[in-house]
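So the structure is just underneath, and the comments pick up after that.
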Amino acid sequence: YDRKAETVYHKVRRKIGGATVNIWRITDTEYRIYGKRNAGAVLYNDFGLTATHRLDEITVFESVTKEALENYDADILIIMVDSTEQAAKEWRALQISEQWQRLAAVRHEHVYEVGTEKLFEYSAWSHDRALSYFMRLFG
1340 YDRKAETVYH KVRRKIGGAT VNIWRITDTE YRIYGKRNAG AVLYNDFGLT
1390 ATHRLDEITV FESVTKEALE NYDADILIIM VDSTEQAAKE WRALQISEQW
1440 QRLAAVRHEH VYEVGTEKLF EYSAWSHDRA LSYFMRLFG
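With this note's numbering applied, the sequence shown closes on residue 1478, and no number is skipped along the way.
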């Protein structure tokens, strides 16, 4: 795992440099910002990427209002959308909002929608799968 992580780390760094990366999740009822566990483990711990929020203040995730999402803009946004009709509806509504259009990641076309299964688990197997996924996404 460590060798693979090192290889992917270098490929990701060459592609995105020192860009900030935030992970958002859209559920049926809330918006979440992720920290260093689960979704953020590989990006923030293994790759040492930087978020625009204090990672040490979020154990797994923090629920935020739709209006507060602008406070979590970054150079790159990774968006997880739950696989329900309501979450898809929330995601579509967000994408057509003025708020969404103001985000730097949106203006520079650095938004990546991923399924929750890609980043949600916290296990050795899921970390290895996330490495492969990020190599394809950013490699």
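For glycine and all other residues, C-beta sits at the position ideal for the given N, C-alpha and C.
Alpha-carbon spacing of Ala1469 relative to Lys1375, whole angstroms
14 angstroms
CB of Thr1389 to nearest heavy atom of the ligand ATP: below 7 angstroms?
As far as ligands go, the structure on display features none, and thus does not contain the ligand ATP.
Range of the contiguous alpha helix (DSSP H) that encloses Arg1371:
Unbroken run through Arg1371 is the beta strand (DSSP E), 1370-1373; no alpha helix (DSSP H).
What three-state label does DSSP hand Phe1473 in the structure shown?
helix
For Thr1391, which residues of its own chain have a beta-carbon under 8 angstroms away from its beta-carbon, when the five flanking residues on both sides are left out?
Here the set comprises Thr1359, Asn1361, Tyr1411, Asp1412, Ala1413.
Continuous alpha helix (DSSP H) stretch holding Val1399: start and end:
Looking at the DSSP string, Val1399 is not in any alpha helix (DSSP H), and its letter there is neither H nor E.
CA-to-CA distance, Ile1415 to Tyr1370, given in whole angstroms
17 angstroms
When burial is assigned at 16 or more other CB atoms within 10 Å of the CB, is Glu1424 buried or exposed?
Label assigned to Glu1424: exposed.
Backbone secondary structure at Tyr1451 - three-state DSSP:
strand
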